[in-house]
Amino acid sequence: MAERTQVLVVGAGLGGLSASMFLAQAGVDVLTVERHTGTSVHSRASGQNWRTMELFHWAGIDDDVLHASPRASQGLRITVATSLAGQVFHRLVEDGSEFDVSATTTMPHGMAGQDVVEPILLAAAEKAGARVRFRTELIELEQDDDGVTATLRHRDSGEETVVRADYVVAADGGRSGIRQLLGIPTEGLDGLSHCLGVVFDADLGDRVKAGVTDLFYLQNPEFTAGLSNTDVAGRYVFAPDYHPERGESPDDFGHDRLVAMIRTATDLPELDPKIVWTGSWEIAARIAERFRAGRVFLAGDAAKVTPPSGGQGGNTAVGDGADIAWKLASVLRGDAGDALLDTYEAERKPIARMIVDMSLHNLKQRMHPDLDVSGLTKAEDPLAAVLGFRYRSTAVLSEEPDDGARVEDVHATTGRPGFRAPGMTSTVDLLGHSWVLLCAGDASRWASAASGIGLACHAIEGEEFATKYGLAPRGASLVRPDGIVAWRSKKPVDDPAAELKRVLDAVLSRQPVCRGLS
Numbered sequence: 001m002a003e004r005t006q007v008l009v010v011g012a013g014l015g016g017l018s019a020s021m022f023l024a025q026a027g028v029d030v031l032t033v034e035r036h037t038g039t040s041v042h043s044r045a046s047g048q049n050w051r052t053m054e055l056f057h058w059a060g061i062d063d064d065v066l067h068a069s070p071r072a073s074q075g076l077r078i079t080v081a082t083s084l085a086g087q088v089f090h091r092l093v094e095d096g097s098e099f100d101v102s103a104t105t106t107m108p109h110g111m112a113g114q115d116v117v118e119p120i121l122l123a124a125a126e127k128a129g130a131r132v133r134f135r136t137e138l139i140e141l142e143q144d145d146d147g148v149t150a151t152l153r154h155r156d157s158g159e160e161t162v163v164r165a166d167y168v169v170a171a172d173g174g175r176s177g178i179r180q181l182l183g184i185p186t187e188g189l190d191g192l193s194h195c196l197g198v199v200f201d202a203d204l205g206d207r208v209k210a211g212v213t214d215l216f217y218l219q220n221p222e223f224t225a226g227l228s229n230t231d232v233a234g235r236y237v238f239a240p241d242y243h244p245e246r247g248e249s250p251d252d253f254g255h256d257r258l259v260a261m262i263r264t265a266t267d268l269p270e271l272d273p274k275i276v277w278t279g280s281w282e283i284a285a286r287i288a289e290r291f292r293a294g295r296v297f298l299a300g301d302a303a304k305v306t307p308p309s310g311g312q313g314g315n316t317a318v319g320d321g322a323d324i325a326w327k328l329a330s331v332l333r334g335d336a337g338d339a340l341l342d343t344y345e346a347e348r349k350p351i352a353r354m355i356v357d358m359s360l361h362n363l364k365q366r367m368h369p370d371l372d373v374s375g376l377t378k379a380e381d382p383l384a385a386v387l388g389f390r391y392r393s394t395a396v397l398s399e400e401p402d403d404g405a406r407v408e409d410v411h412a413t414t415g416r417p418g419f420r421a422p423g424m425t426s427t428v429d430l431l432g433h434s435w436v437l438l439c440a441g442d443a444s445r446w447a448s449a450a451s452g453i454g455l456a457c458h459a460i461e462g463e464e465f466a467t468k469y470g471l472a473p474r475g476a477s478l479v480r481p482d483g484i485v486a487w488r489s490k491k492p493v494d495d496p497a498a499e500l501k502r503v504l505d506a507v508l509s510r511q512p513v514c515r516g517l518s
């Protein structure tokens, strides 16, 4: 007899564990399986942008993530140079103070590595009731009108288990086996470069700035590489290119050669680094043609592979997990129709395109100046891409006319539907858990209407709120569980109850049945 679960998540990386955590916290029965022995053992995908920290705050793990990375509180420096003490081509970021986001969020920026964030996500998911099994892989998947049947195999014992789920979230990496089983192609660029990953311990003295996240992109005649400190004092990550087209492979880079390269990169010819870990990977830029196939949804690297230049791959994986989680939870509770699930691709795929293209522009500037970026969409301002992004889907009732912009200025937020609800001290803890109606000033009529359908309603006094949310007195803004404005009425309406019913039926893709909202 098949084991039963509401959602099967395949993959326990940043995307899969985020989906598992948010689903479990929403009361969904979720089983997560991962083919590896445990969570990530290296710090690739370091850094949590303000949007990710916002999501983590609502999940109750933001403090854990911040405390896991002492570097986060002291700032960020990004340098393009020949070597650590060599010619500096660009100082892209001096200390992080350039990033003033106070107009749109109260969240800090995190810098924890994937190796410390994944255990935090895992603990939060399991605390909320998620089941997580390592050394377990999916080998077969079939779906029908009522659900998905998956065959799982334990990689040590060989024991096979059949699981029946309502839905599957495929977060099984850039070479996603599920994506291949579903026959979903990807488009983009493979083999942009091939990198070694080298974790080493050494005393670099003042070559690397103490107490901050210090990231170098190195361009010199011998190699192109990245080098950064980590959350462990005296431990660094070195990521040089290698060239298969020249006949090179990771096996060509033995201990002595790596030590010589690290000495060149650091300008310390007598350095004796201790090599802790090595690996290799391909830098690519790929996006899946579809993010949904029936009852299966692609998330994280399974949906898109992002170059590391910009540090947004892990952040978008968390965003994918959060987005699909609240939508699946809504459908499984009966609050929403199936068409709400179509908005996952409608909203997240344009974000993937924007972030992938922005990362390619960064790759050209920081590591590969000969890279052709002529066919890409423009590189948006990074703050706008992270905090001023826009969703367009049936889960948003956009205002007309639509100016066509993908982002908005984070220093002059508008509160328009499709954008993040501006984060303020007075609102940050009201958002991110369920649907909520925020009202400018007197909320009595809106509150009466909202109470009839189980919708939380809050009156926010003051000009700052009204200005940031674009509301006149007694206007209202309806915010989704992911902190996105779904709709607003700038002014009071004659029949708030009828208006809220109309709006919720539309954005939740449901038949006109009044239900309580969670």
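Under this note's numbering, the first residue of the sequence shown is numbered 1, with each subsequent residue one higher. Backbone N, C-alpha and C define an ideal beta-carbon position, used for all residues, glycine too. Since we're looking at a predicted model, the values are computed, not measured.
- Beta-bridge pairing by DSSP links Thr-224 to Gln-219.
- Cβ neighbours of Ala-466 within its own chain (closer than 6 Å, five residues either side excluded): Ala-440.
- In its chain, beyond the 5 residues on either side, Leu-182, Ile-184 have a beta carbon closer than 7 Å to the beta carbon of Ala-293.
- Trp-435 is a Cβ neighbour of Leu-455, given a cutoff of 8 Å.
- Its chain contains Ile-78, Ser-228 as the residues whose beta carbon lies nearer than 6 Å to that of Leu-215, once the 5 sequence neighbours on both sides are disregarded; these appear in chain order.
- A Cβ-Cβ distance of about 6 Å is found for the pair Arg-420 and Gly-483, placing them in contact under the 8 Å criterion.
- If the five residues before and after Ala-384 are omitted, its C-beta is found closer than 8 Å to the C-beta atoms of Val-407, Glu-408, Asp-409, Val-410, all from its own chain and listed in chain order.
- The criterion of a C-beta distance shorter than 8 Å is satisfied by Ala-284 and Leu-189.
- By the Cβ-count criterion, Val-80 is buried, with 16 or more other Cβ atoms from all chains shown falling within 10 Å of its own Cβ.
- The beta carbon of Gly-147 is closer than 7 Å to those of Arg-164, Ala-165, Asp-166, Arg-295 in its chain, skipping five residues each way along the sequence.
- Excluding the 5 residues flanking it on each side, Leu-14 has same chain C-beta neighbours closer than 8 Å at Ala-45, Gln-114, Val-117, Glu-118, Leu-121, Gly-300, Gly-314, Ala-317, Val-318, Gly-321, in chain order.
- The beta strand (DSSP E) runs of length 3 or more contained entirely in the region 188 to 259 are, from start to end of the chain, 213 to 219, 224 to 229, 235 to 242.
- Look at the beta carbons and you see the region 499 to 509 not touching the region 457 to 465: under three pairs across the two are nearer than 8 Å.
- By the beta-carbon neighbour count (other beta carbons within 10 angstroms, threshold 16), Lys-491 is exposed.
- DSSP lists Ile-287 as the bridge partner or partners of Lys-304.
- If you check the CB distance, Gly-197 and Gly-254 do not come in under 8 Å.
- Within its own chain, the residues whose Cβ lies closer than 7 Å to the Cβ of Gln-25, once the five positions on either side in sequence are excluded, are Ala-59, Ala-128, listed in chain order.
- When secondary structure is reduced to three states using DSSP, Trp-277 falls in the strand class.
- The beta carbons of Leu-437 and Leu-478 sit about 6 Å from each other, so the pair counts as a contact at 8 Å.
- A direct Cα-Cα distance of roughly 17 Å separates Gly-158 from Ala-2.
- Collapsing the DSSP output to three states places Tyr-167 in a strand.
- DSSP places Ser-477 inside the beta strand (DSSP E), whose first and last residues are 476 to 479.
- Taking C-alpha positions only, Asp-203 is separated from Thr-104 by approximately 40 Å.
- In the three-state DSSP reduction, Val-28 falls in the coil class, being neither helix nor strand.
- Annotation: Ala-329 is outside any beta strand (DSSP E); the continuous alpha helix (DSSP H) that includes it extends over 313 to 333.
- For Ser-176, the three-state secondary structure derived from DSSP is coil.
- Assignment of His-36 by DSSP, reduced to helix, strand and coil, places it in the coil class.
- Remark: C-beta atoms of Met-53 and His-109 approach each other more closely than 8 Å.
- The residue from Gly-11, Glu-345, Thr-106 with its alpha-carbon nearest to that of Leu-387 is Thr-106.
- Exclusion of the five residues before and after Pro-244 leaves His-194 as the residues of its chain whose Cβ lies within less than 7 Å of its Cβ.
- The residue among Pro-369, Ser-374, Asp-335, Asp-381 with its C-alpha nearest the C-alpha of Ile-355 is Asp-381.
- When Leu-471, Val-101, Leu-8, Val-373 are compared, the shortest CA-CA separation from Arg-133 is found for Leu-8.
- With respect to the 8 Å criterion, Leu-328 and Val-33 are not classified as neighbours on the basis of their beta carbons.
- With a beta-carbon spacing of about 4 Å, Gly-418 and Val-396 fall inside the 8 Å limit used to define contacts.
- When the beta-carbon positions are compared, Glu-137 and Arg-155 come within less than 8 Å of each other.
- Across the structure, Glu-289 and Glu-345 are spaced so that their CA atoms are roughly 10 Å apart.
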